[in-house]
Each structure stands twice: as C-alpha cells, then as structure tokens.
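Here the protein sequences come in this chain order: A and B.
Take the numbering used here: the final residue in the first sequence is number 254, and no numbers are missing along the way.
Take the numbering used here: the final residue in the second sequence is number 225, and no numbers are missing along the way.
Working notes, beginning with the structure itself.
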Amino acid sequence: MNFMASKQPENSLLGPEADSQRTLYPYVTGTSVVALKYKDGILMAADMGGSYGSTLRYKNVERMKAIGKHSLLGASGEISDFQEILRYLDDLILYDNMWDDGNSLGPKEVHNYLTRVMYNRRNKFNPLWNSLVLGGIKNGQKYLGTVSMIGVNFEDDHVATGFGNHLARPILRQEWHENLSFEDGVKLLEKCMRVLLYRDRSAINKLQIAKITEEGMTISQPYSLKTYWEFSAFENPTQGAVGSW
Amino acid sequence: MVKQQANWSPYDNNGGSCVAIAGADYCVIAADTRMSTGYNILTREYSKICKLADKCVMASSGFQADVKALQKQLAARHLIYQHQHNKQMSCPAMAQLLSNTLYYKRFFPYYSFNVLGGLDNEGKGCVFTYDAVGSYEKVGYSSQGSGSTLITPFLDNQLKSPSPLLLPVQDAVTPLVEAEAIDLVKTVFASASERDIYTGDKIEIVVVNATGIRREYMELRKD
Chain A
10 MNFMASKQPE NSLLGPEADS QRTLYPYVTG TSVVALKYKD GILMAADMGG
60 SYGSTLRYKN VERMKAIGKH SLLGASGEIS DFQEILRYLD DLILYDNMWD
110 DGNSLGPKEV HNYLTRVMYN RRNKFNPLWN SLVLGGIKNG QKYLGTVSMI
160 GVNFEDDHVA TGFGNHLARP ILRQEWHENL SFEDGVKLLE KCMRVLLYRD
210 RSAINKLQIA KITEEGMTIS QPYSLKTYWE FSAFENPTQG AVGSW
Chain B
3 MVKQQANWSP YDNNGGSCVA IAGADYCVIA ADTRMSTGYN ILTREYSKIC
53 KLADKCVMAS SGFQADVKAL QKQLAARHLI YQHQHNKQMS CPAMAQLLSN
103 TLYYKRFFPY YSFNVLGGLD NEGKGCVFTY DAVGSYEKVG YSSQGSGSTL
153 ITPFLDNQLK SPSPLLLPVQ DAVTPLVEAE AIDLVKTVFA SASERDIYTG
203 DKIEIVVVNA TGIRREYMEL RKD
C-alpha cells in the first residue's frame, strides 16, 4: 500500500467521477401545479402522476405537502428531488419547533429558504430539477410564490408551473378576482386542470386539490374531472382531410 | 465518447428595462414591472428597484435570481459598513462596492445589468451605469436592459449631454427640473413598450432628493 499516494477528496468537483454526481436530466417527473389566492387562503391543485419519460409509471404521487402550520408546497419536475426538498424542510421545521418560542416560520420565510436552496444548487451546477409553488397564510396575510430550478422566484395572486404557465395562467388572468369564494376558487382551478388534462400529454385524470387557511391545511381525496369527447370533429377526424395521410 | 453537454442553462433573461436620470438636486430611477421568460409573462408586478442606502437606489434587469442575490449581497455589506462606520454609505461608495461585487464573479457572472442612482455627498444627483462584470462609469443619465437600445438614443437626443471627452470637463447632470425629468421617463417607457415585448405592464418611478425618497407608478401597455 502506498501511503504517499495522493488521493482526490471524495467530494471533489474535479474529474470525470464528479460529473456522475451532478443532475443532468430528470427521470421521474410530475407535471403542472396550479394555485391561486382566495378569500380564506390558498387553493392549489396538482395531479397524481409520476411519468418516467413517456411512460406513466406512478399514478399515486402526492405532489403537494403541508410545511409546518402555515404553508403548502407543491412541486413539479423530478420527484426524487422533491422528496429531498421535503427532507430539508423537515429539518427546517424541526429546528423551528425546537426553539419552542411561540414563533413559527411563515410561508414568506419558507419561500425565501427554498429560493436560496434552489439558487445555491444552481450555482454549483447541480440543480434540484423542480419548479416549486409555495402558498400559505399567517396572521391573515395570504402568500403565494413560486421558485424555479435556477432560482427565479416571484409572488403573485395566482401561479402555475410548466404547462400551467401556458394554459392555466391566461384563464386565471381573465377570471381571477379578489376574495373568490371556496366554491368559485375550486371551479376555477378545475377549469384550468381540465384544459391541462386535454392538452398536456403528461397530465392524468386523477387530481387532488389542497386548501390552506388559518385553521390549517386540508387535501382532498383523489378524484377525476368530467371530460367531453363527443365533439363531432373528433368522431371522424379524417373526414375533411385532403391527401392520403 | 463525446463529453456530456449540459442540457440546461444556469442563466435566463427575465427582461425589462431600467432608466436613471441625474439632476442638480434630485435623481430619478425607473424600471418597468414586467417579469418574463421566453415568450411568457411570469408576473406583471415585480419590482426591479432596490433601495441600497438612504440616498442610493439601484435598478437592475437581467436574470432575476442573480439580481436578487446581488441585491442581498449589497444590502448585507451595507449593514456591515453601517456597523463599522456608524453612517450610511454614500452613493459613490456604493458604486465602487457594486463594481467590486460584480467583478468578484467575473468567471461566473451575475447576469445583471444595473443602473445606480442617488445623491452624492454634496446633494447633487449622480447616476452610475454598469455592465454585467462590473465595468462602470459616472454619467448624467443611463438606461439598461431589453429596451435600452430603444431608450438610450432618445435620451441622447432629449438630454443633449455634453461629451465626456470635451475639455474643460462639463457637468453631465441635466438642467431639467424634477417634474420634467419624470415626464421624460414616462415618455421613454411608453415608447419602449410599443416595440420591446419585454417592457410593459407598469413603470415604477423612484425619486431621490433632499427630502428623501418617493415612489410613483404609471400604467403601461399590457401586451
């Protein structure tokens, strides 16, 4: 054994071994998350699919979780990275509770923490491949924010990730208003999720809607949306088509 | 075996334009409030302006996560300065700090295009303009960001600033009064929003003068 041999430290960023440690692409992914502020707090919706490329591998993935007493986190992108983020947040909330000082981390603070985590991972070229939505309410103040895998973050009255940005945000811009009732909020979210179901190939018809208010977080049982496929244009799609293919 | 190429970029351009104009006893700093990515609008109400010190305000456009990190860095350094010197940083001092902070990351830059505006130690307006790696210059007015190519020529025409190459050295600050400068800023953004897709929604205008800092807003085209 040559004790004089120099060895690269295990966590070195130099050399080809280190490259295998960095995230290159996502494997199991969740699709859009859509959320909005309503009268009593935040409503958030996400389907329960975990895709492995073009395969629908997992159909019971809960992509929204409560964080502490005041926040709700929804994630799209790599599911394993979401699970790691939940572990980080478990520690964060644990230490917060251990102070036992009557204070608790609000949604603004959790969002800031997540933004720093995502940005720092991006700086090391090893991102957590997620787009996160963080909503909550504390002392009557509603908060809804989002952060991407490279650290871009902002808060707004309604947010969405992935395809939701293209399909759901325009609907929300048109129809969202202050002090939506719970029923109206759910109807609006379902409208967005239905459009996503029709047009996003990674969406599945099994979703949950989560609500967070001063009283706490509740998440619905998984359910399906009603869809309509009887448009006459769908019945004989090639009828008016010109050509042989 | 070809070396793996990254299929993600650590940078993004979240768009937007910033402008600052220095006057004899005031400084106007303005930026639009739109945040975009690609052809999408992420939000219409995002502030690109940050108060760094009592008489020193920065507007930055570019990659929002880097801008945020830069603002936090400067705010933290300013706090330390206050603890050590028992006073606020002057605008020229902050200008140097910003330059050094940007150059520190010369080989993985903050993708942030900044204009710094405020009052110098004599209460006169000053504007500093930067590139992404810290090269800076004191000027009478400046614009940065996606609309800067549309805005700068118009400001050149309207403010008729003397060339810095002339001798004797001439004052770069505009003789316009505060209200005229604010009007000019509003005109300039209204024009930029017509042709720059990343500029629009709303302008946030911050005015720094002897009485303090005040803020006003103006609506812009939402398309």
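Think of the CB as a built atom: it goes at the ideal place given N, C-alpha and C, for glycine as much as any other residue.
Does DSSP classify Q146 (chain B) as helix, strand or coil? strand
Comparing C-alpha positions only, which one of B:N211, B:C128, B:L178 and B:Y200 sits nearest to L152 (chain B)? B:Y200
Endpoints, beta strand (DSSP E) assigned at I199 (chain B): Taken as a continuous stretch (DSSP letters only), I199 (chain B) belongs to no beta strand (DSSP E), as it is neither H nor E.
Same chain only: Cβ atoms within 8 Å of G149 (chain A), ignoring 5 sequence neighbours per side: E223
Taking only beta-carbon positions, decide if F163 (chain A) is within less than 7 Å of chain B. yes
Taking just the CA atoms, how far does G149 (chain B) sit from A194 (chain B)? 6 Å
Can we say the stretch 60-68 of chain A touches the stretch 190-209 of chain A, given the rule of at least three CB pairs closer than 8 Å? no
Around the C-beta of T189 (chain B), are 16 or more other C-beta atoms found within 10 angstroms, so that it is buried, or is it exposed? exposed
CB-CB under 6 Å to T154 (chain B), same chain, minus the five flanking residues each way: which ones, in chain order? S145
D209 (chain A) versus A:K200, A:F172 and A:N188, residue with shortest Cα-Cα distance: A:F172
Does any CB atom of chain B fall closer than 7 Å to the CB of G171 (chain A)? no
The beta strand (DSSP E) that contains E206 (chain B), what's its start and end? K204 to N211
Residues near T32 (chain A) in its chain [Cβ-Cβ closer than 7 Å; skip 5 each side]: N135, P136 and W138
Per DSSP, the bridge partner or partners of L65 (chain A): A:S60
Quick one: list the residues of chain B neighbouring P136 (chain A), beta-carbon separation under 9 Å, in chain order. W10 and P12
Taking all protein chains shown into account, do 16 or more other C-beta atoms lie within 10 angstroms of the C-beta of Q66 (chain B), making it buried, or fewer, making it exposed? buried
Using DSSP with H/G/I as helix, E/B as strand and the rest coil, what is R108 (chain B)? coil
For the alpha helix (DSSP H) that A71 (chain B) lies in, which residues bound it at each end? Q66 to H87
Name, in chain order, the residues that DSSP records as bridge partners for Y207 (chain A). Answer is none; Y207 (chain A) lacks a bridge partner.
Any C-beta of chain A within less than 9 Å: which residues of the stretch 95-116 of chain B qualify? F110
Cross-chain neighbours of A160 (chain B) in chain A, by beta carbon under 7 Å: Checking the sequence shown, residue 160 (chain B) turns out to be Gln, not Ala. The premise fails here: Q160 (chain B) is roughly 33 Å from chain A at the closest Cβ pair, so nothing lies under 7 Å.
Please confirm if G160 (chain A) has its CB atom under 7 Å from at least one CB of chain B. yes
What residues from chain A crowd round M3 (chain B), counting only those whose CB sits closer than 9 Å? In chain order: nothing, as chain A lies at least about 10 Å away.
Determine, using beta carbons only, whether L98 (chain A) and I76 (chain A) come nearer to each other than 7 Å. yes
M10 (chain A), DSSP secondary structure in three states: In this prediction, M10 (chain A) has a pLDDT of 49, which is less than 50 and means its spatial position is unreliable; what the coordinates show is noted afterwards. Coil.
Can the beta-carbon of D173 (chain B) be found closer than 7 Å to that of Y113 (chain B)? no
Take the Cβ of N69 (chain A) as the centre, count every other Cβ of all protein chains shown within 10 Å, and call the residue buried at 16 or more, exposed below. exposed
With respect to the alpha helix (DSSP H) encompassing G173 (chain A), which residues constitute its N-terminal and C-terminal limits? F172 to E184
Within chain A, the residues that L44 (chain B) reaches when beta carbons sit closer than 7 Å: F163
Is the beta carbon of H167 (chain A) closer than 7 Å to that of P116 (chain A)? no
Alpha helix (DSSP H) containing M107 (chain A): first to last residue? I88 to M107
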